[in-house]
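Okay, so the sequence shown: first residue is 1 according to full-length UniProt numbering, each after it adds one.
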Amino acid sequence: AVVGMSLRNELRGKRSNPADWYKYMQQGAQAVHDANPDVLVIMSGLNYDADLKFLASKPVNLSFTNKIVYEMHWYSFTDGNAWEKMPVDTLCQTVTARINDHLAFVTKTLSPPAPLFIS
1 AVVGMSLRNE LRGKRSNPAD WYKYMQQGAQ AVHDANPDVL VIMSGLNYDA DLKFLASKPV
61 NLSFTNKIVY EMHWYSFTDG NAWEKMPVDT LCQTVTARIN DHLAFVTKTL SPPAPLFIS
């Protein structure tokens, strides 16, 4: 059974900006919902799915809200070679703070809060 549809994986390049994200991701989310109102709609962030911070000031505006799932990716190379240059505990604190600030806030302070799929 299909339980969800992801709209776009790892947005990057010149179209990786909030204005285009709102325009096209909201159109895509609404199209998925209209075609199949029973599936979850998975919305990826900007910068290889590592940034949803723009949603903090402007949540999505859709005809439905109870089935949006946001997606994030975090790779070992996301922070370049910082793993080789910083003490691991310092880097872990830095990465955790960035994830909370740019991504995980959607589960707590976004209105309405939404699940975050980490892959």
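Even glycine gets a Cβ: it sits at the ideal position worked out from N, Cα and C. In this text, all values refer to a predicted model and were calculated from it rather than measured experimentally.
Which residues bound the alpha helix (DSSP H) around residue i?
i: Val-95; result: 88 to 102
i: Gly-4; result: Per DSSP, Gly-4 belongs to no alpha helix (DSSP H); it is in the beta strand (DSSP E), 4 to 6.
i: Tyr-22; result: 18 to 35
i: Glu-84; result: 82 to 85
Just the C-alpha distance for residue i and residue j, rounded to the nearest angstrom, thanks.
i: Gln-93; j: Met-72; result: 18 Å
i: Leu-52; j: Ser-119; result: 15 Å
i: Asn-61; j: Ala-82; result: 37 Å
i: Trp-21; j: Gly-4; result: 19 Å
i: Leu-55; j: Lys-85; result: 32 Å
i: Pro-18; j: Ala-50; result: 13 Å
i: Pro-87; j: Trp-74; result: 19 Å
i: Thr-65; j: Val-95; result: 29 Å
i: Asn-9; j: Gln-27; result: 16 Å
i: Lys-58; j: Ser-111; result: 9 Å
Under 9 Å, do residue i and residue j count as touching if we go by C-beta distance?
i: Leu-116; j: Ala-97; result: no
i: Leu-40; j: Lys-67; result: yes
Report buried or exposed for residue i, applying the criterion of at least 16 other Cβ atoms within 10 angstroms of its Cβ.
i: Gly-13; result: exposed
i: Asp-89; result: exposed
i: Ala-29; result: buried
i: Ala-1; result: exposed
In terms of residues, what are the limits of the beta strand (DSSP E) holding residue i?
i: Val-41; result: 40 to 44
i: Val-69; result: 68 to 72
My understanding is that residue i touches residue j, with C-beta atoms under 8 Å, so please give their C-beta distance in whole angstroms.
i: Leu-7; j: Ser-44; result: 7 Å
i: Asn-36; j: Ser-16; result: Asn-36 to Ser-16, Cβ: 27 Å. No contact.
Is there at least one Cβ from chain B nearer than 9 Å to residue i's Cβ?
i: Gly-4; result: As a matter of chain content, chain B is missing from the structure shown, which is built from one protein chain.
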